[in-house]
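The next block holds one structure in the form of structure tokens; read it before the comments.
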Amino acid sequence: FIEMVKKGVAYRKESLVNWDPVDQTVLANEQVIDGRGERSGALVERRLMPQWHFKITDYADELLDFDGLDWPERVRLMQTNWIGRSEGAEVVFKSDQGDDIEIFTTRPDTLWGATFMVLAPEHPLVAKLTADDKRDAVNTYVEQASRMSEIDRQAEGKDKTGEFIGSYAINPVNNTKIPIWIADYVMMGYGTGAIMAVPYGDQRDFEFAKKFDLEIIPVVKPEDESISFDPEIMTEAYAGSGTMINSGPLDGAICNEQKGRKNPAIDAAIRWLEENNAGQARVNYRLRDWLISRQRYWGTPIPMIYCDDCGIVPEKEENLPVVLPEDVAFLPTGESPLKSHEAFINCTCPTCGGPAKRETDTMDTFMDSSWYWFRYLSPNKEDGPFDSALAQQWTPVNLYTGGIEHAILHLLYARFFTKVIRDLGLTTTNEPFTKLRNQGMILGEDNEKMSKSRGNVVNPDDLVAEYGADTVRTYLMFIGPWSEGGPWNSQGIEGVSRFLRRAWSLIVEPAQEGKSEPDTDKTLTRAMNLAIKEVTEDLDAFQFNTAIAELMTLVNVMSKAKNAQVVTTSSWQDACKMLVTLLAPFAPHISEELWSRLGHDTSVHLEAWPSYDEGALEQSTVPMAVQVNGKVRAQIEVSKDASKDAILDIAKAEPNIAKYLQDGDIKREIVVPGKLVNLVVK
RNA sequence: GCGAGGAUGGCGGAAUUGGUAGACGCGCUAGAUUUAGGAUCUAGUACCUUUCGGUGUGUGGGUUCAAGUCCCAUUCCUCGCACCA
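Here it is in structure tokens:
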């Protein structure tokens, strides 16, 4: 943290935060549900407080780059949307009192159609720019807006509301005086908290203009001439392509559907702004800096000290880590007990040695999960966070799994930390996790999320007591695709239980008398090699359910083949060995025991993963389907190297095929070796 | 509204360089074994049809010798984002 402070990545500033008045702490946006604190249920207030932040916004562009990462598309998109990059321009409007009012727009080409300006109710210039005769109405509106949660303000379909504040702004492109309004559809937290309103091209501005009877100036003549651009007739804003009109120097420019400077009209507008000193190109992000201060006792102390003479200074390195006092008094004051712990608060300024106060806020717990895998490499290191050489050697983590709920928070923070650690010179690693896979969630039998209140919780301990840990583990892998999850099904576990018991008795129980079928050797060897191939490929692809299905098939083949003669053959013994080896990741305990009973005195879990013999997968004869006009009419068995002509002869000789051939001529013969024959008859 | 993913038997699901739809399992049916039940084993199990055969992967079209798979349109479901300027 201190290194981050030194580097300017961590900083303290006043910030509008979610304040829970009952729990007396700041809450993360994620902990505010429908405008209420997740734990207390209290209406969350917005408060301006000095808090510690991380400059994650400095890394916005780099965080948008997923090059070289094998991550699910879904997660990449969620992060991309969260960061919310948009290209446009910043333009400075002057108030009629001479103030600079900066706005951000993605459509600078429509500047000539700006007929009013809207400020967020919290915008710092609102008080100054409000005319005396409007002050009461404006104050009422601002107060109403401040009481509303962000969720309420953003509710879909909400009617536009707003107040004219009695001042005007000068549109720098044409020196037109336009009225300044405040409205809660403009957010202080995005862009500059002020917009130029172009009702012709923006649906929100259009609705606002219609409601408050503000001017609408057409600036893009639609390409499709059947679309009317008469403001009196229009029922919605026009954001499509066309030719610029009523736009001074831009008149005649082509406006297409492209965003940013790829759009000729936008590009021309930005060039005009820059040439005329009225604005410039700018990239805006939805991402905001990460607020990490929490007014809680449980959390990592922020190692900063407040000195009246030296300001805010970091604790001396030899005094790290700052440890939470354990003798705190948990009193119902509504404040963190650290605030009343004199011995913790009062300290010595590391710079001047005078009396100073310790920071009493603690860190967001996401701080800790953002770099734990670095610390895991050197858990006993006392004089630093981790060993740089070990981190360089072992990171990035090559495979990471977790739920989709981590898509934005943990995974974005982890990427940010990795880049900061790199920029501190501790590693050259750019990304924390090379390959990411998300597992699905197992729901209750009613297809709802398991919860005590719903009474649909399936307790794994009870299942383990009844079926054993191996059965429960294996069933969890078999119940469905790992990445999708789905409802729990209590009946299905019986099938896995049976499978494991059959595998057990296959190896442990004595064989019955019986005669060997002629090709048992080959059948067993083929089944074994097929199982190695399929299980290996399925594991690589995280398809555990089909891997287990393949092992079930192997057990079925072996069960059929097993008898007193067969069990003495080497192909049987190889198959047993391989079955246990392949089963080991799913049912480790049973596998270990079976491995021992097969005569091994080392652990099966130390065995190398097996490879398979491609040649053993081949069969001397292969079954093929014979179709007439695309419909299967017969099954034939042909030698694996049979020629096309030979296959066709066999196919045509089938009685059921010959029957169809009598009725017409063969127009076409398609032979897909090893698969099927299709005869097109007319 | 924007973006992503999905829809296959009674159920969970399998199958994509286009090539026999329903692997594997649950459930169900019948039989063997058992005093009985449970467990186990064997056979069967997409739907319609006595058979022949026909139909079938959300819906409607298309391409192809051949479509769950490719193309166009469309419905519904799930998830994410959303008055983002």
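Quick note on numbering: the first sequence equals residues 1169 to 1850 in my numbering.
Note that the Cβ used here is the ideal one computed from N, Cα and C, for glycine as well.
Nearest candidate by alpha-carbon position, reference residue i, set the options
{"i": "Ile1836", "options": "Arg1526, Gln1795, Ala1295 and Lys1843", "result": "It should be pointed out that residue 1836 corresponds to Arg in this sequence rather than to Ile. The shortest Cα separation from Arg1836 among Arg1526, Gln1795, Ala1295 and Lys1843 belongs to Gln1795."}
{"i": "Glu1391", "options": "Thr1688, Gly1420, Tyr1179 and Met1531", "result": "Gly1420"}
{"i": "His1578", "options": "Glu1213, Gly1767, Gly1648 and Val1243", "result": "Val1243"}
{"i": "Val1341", "options": "Gly1330, Ala1699 and Lys1262", "result": "Lys1262"}
{"i": "Thr1704", "options": "Asp1238, Met1746, Gly1552 and Ile1438", "result": "Met1746"}
{"i": "Tyr1368", "options": "Ala1559, Pro1678 and Thr1403", "result": "Thr1403"}
{"i": "Val1676", "options": "Trp1763, Ile1470 and Ala1637", "result": "Trp1763"}
{"i": "Thr1530", "options": "Glu1171, Arg1464, Glu1775 and Leu1558", "result": "Arg1464"}
{"i": "Ala1436", "options": "Ile1572, Leu1279 and Ala1295", "result": "Leu1279"}
{"i": "Tyr1179", "options": "Ala1679, Asp1191, Leu1297 and Thr1225", "result": "Thr1225"}
{"i": "Asn1657", "options": "Glu1616, Val1845, Thr1563 and Phe1585", "result": "Glu1616"}
{"i": "Lys1345", "options": "Glu1761, Glu1270 and Ala1282", "result": "Ala1282"}
{"i": "Gly1663", "options": "Gln1680, Ser1684 and Tyr1635", "result": "Tyr1635"}
{"i": "Gly1552", "options": "Arg1694, Leu1594 and Thr1308", "result": "Leu1594"}
{"i": "Gly1648", "options": "Lys1701, Arg1590, Phe1284 and Asn1713", "result": "Asn1713"}
{"i": "Ala1802", "options": "Gly1570, Asn1514, Val1366 and Val1845", "result": "Val1845"}
{"i": "Ile1576", "options": "Pro1482, Leu1232 and Lys1296", "result": "Leu1232"}
{"i": "Arg1622", "options": "Asp1629, Glu1613 and Pro1628", "result": "Glu1613"}
{"i": "Phe1512", "options": "Ile1480, Gly1682, Pro1500 and Ile1470", "result": "Ile1470"}
{"i": "Glu1213", "options": "Trp1239, Asp1238, Gly1236 and Leu1184", "result": "Leu1184"}
Neighbourhood of residue i by C-beta, 8 Å cutoff - its chain only, sequence neighbours within 5 removed
{"i": "Gly1717", "result": "First, the residue type needs correcting, since residue 1717 is Ala and not Gly in the sequence shown. Phe1646, listed in sequence order."}
{"i": "Val1565", "result": "Trp1541, Pro1600, Phe1601 and Thr1602"}
{"i": "Lys1843", "result": "Met1792 and Ala1793"}
{"i": "Lys1181", "result": "Pro1218, Gln1219 and His1221"}
{"i": "Ala1699", "result": "Glu1718, Leu1719, Thr1721, Leu1722, Met1746, Leu1747 and Leu1750"}
{"i": "Lys1174", "result": "Pro1482"}
Residues near residue i by beta carbon distance below 7 Å, same chain, minus five either side
{"i": "Ser1727", "result": "Arg1670 and Leu1674"}
{"i": "Phe1397", "result": "Pro1386, Lys1389, Pro1390 and Tyr1406"}
{"i": "Leu1441", "result": "Ala1257, Val1259, Pro1276, Gly1447 and Gln1448"}
{"i": "Lys1587", "result": "Tyr1227, Glu1230 and Asn1598"}
{"i": "Arg1450", "result": "Gly1256, Ala1257, Glu1258 and Phe1272"}
{"i": "Asp1536", "result": "Thr1468"}
{"i": "Ser1208", "result": "Asp1188, Val1190 and Asp1191"}
{"i": "Asp1555", "result": "Leu1545, Ser1546 and Lys1549"}
{"i": "Lys1850", "result": "Gly1832, Asp1833 and Lys1835"}
Cross-strand partners of residue i (DSSP beta bridge)
{"i": "Arg1802", "result": "Note that residue 1802 is Ala in the sequence shown, not Arg. Paired residues: Val1794."}
{"i": "Asp1188", "result": "Thr1193"}
{"i": "Asn1846", "result": "Gln1795 and Ile1838"}
{"i": "Val1259", "result": "Ile1271 and Gly1447"}
{"i": "Asn1339", "result": "Thr1344"}
{"i": "Tyr1309", "result": "None; Tyr1309 has no bridge partner."}
{"i": "Cys1744", "result": "Paired residues: none, contrary to the question."}
{"i": "Glu1331", "result": "Ile1350"}
{"i": "Tyr1568", "result": "Leu1604"}
{"i": "Leu1459", "result": "His1221"}
{"i": "Lys1181", "result": "Gln1219"}
{"i": "Gly1479", "result": "Cys1475"}
Own chain, CB closer than 6 Å to residue i, minus 5 neighbours either side, in chain order
{"i": "Ala1228", "result": "Ile1251, Tyr1453 and Leu1455"}
{"i": "Leu1631", "result": "Val1640"}
{"i": "Phe1234", "result": "Arg1244"}
{"i": "Pro1399", "result": "Ile1384"}
{"i": "Trp1562", "result": "Leu1545"}
{"i": "Thr1274", "result": "Ser1254 and Gly1256"}
{"i": "Leu1461", "result": "The sequence as given places Ser at residue 1461; Leu does not occur at that position. Excluding positions up to five away in sequence, the list reads Gln1219, Trp1220 and Asp1529."}
When the Cβ atoms of the segment 1651 to 1664 are set against those of the segment 1602 to 1617, are three or more pairs found closer than 8 Å? Of all C-beta pairs linking the segment 1651 to 1664 to the segment 1602 to 1617, three or more are shorter than 8 Å, placing the two stretches in contact.
Are at least three pairs of beta-carbons, each pair with one atom in the segment 1499 to 1518 and one in the segment 1547 to 1555, less than 8 Å apart? No, they do not touch.
Which runs of the beta strand (DSSP E) fall wholly inside the segment 1516 to 1549 and span at least 3 residues, in chain order? 1523 to 1526
What are the start and end residues of each continuous beta strand (DSSP E) run of 3 or more residues lying completely inside the segment 1213 to 1255, in chain order? 1213 to 1222
Every unbroken beta strand (DSSP E) within the segment 1273 to 1300, with a cutoff of 3 residues, ordered by chain: 1284 to 1287
Does the count of Cβ pairs from the segment 1728 to 1738 and the segment 1750 to 1765 closer than 8 Å reach three? With a cut-off of 8 Å on Cβ pairs, the segment 1728 to 1738 is not in contact with the segment 1750 to 1765, counting fewer than three such pairs.
Whether or not the segment 1371 to 1379 and the segment 1408 to 1416 are in contact is what I'm after, with contact meaning three or more pairs of Cβ atoms, one per stretch, closer than 8 Å; do they touch? Touching, no.
I'd like the ranges of any alpha helix (DSSP H) spanning at least 4 consecutive residues and lying wholly in the segment 1607 to 1686. 1628 to 1635, 1637 to 1646 and 1661 to 1676
Entirely within the segment 1698 to 1741 and at least 4 residues each: give me those alpha helix (DSSP H) ranges in chain order. 1712 to 1729
Does the contact criterion of 3 or more C-beta pairs under 8 Å hold for the segment 1294 to 1309 versus the segment 1353 to 1361? Flag = no, the segment 1294 to 1309 and the segment 1353 to 1361 do not touch.
Could you give the uninterrupted runs of the alpha helix (DSSP H) lying entirely in the segment 1366 to 1440, keeping only those of 4 residues or more? 1371 to 1380
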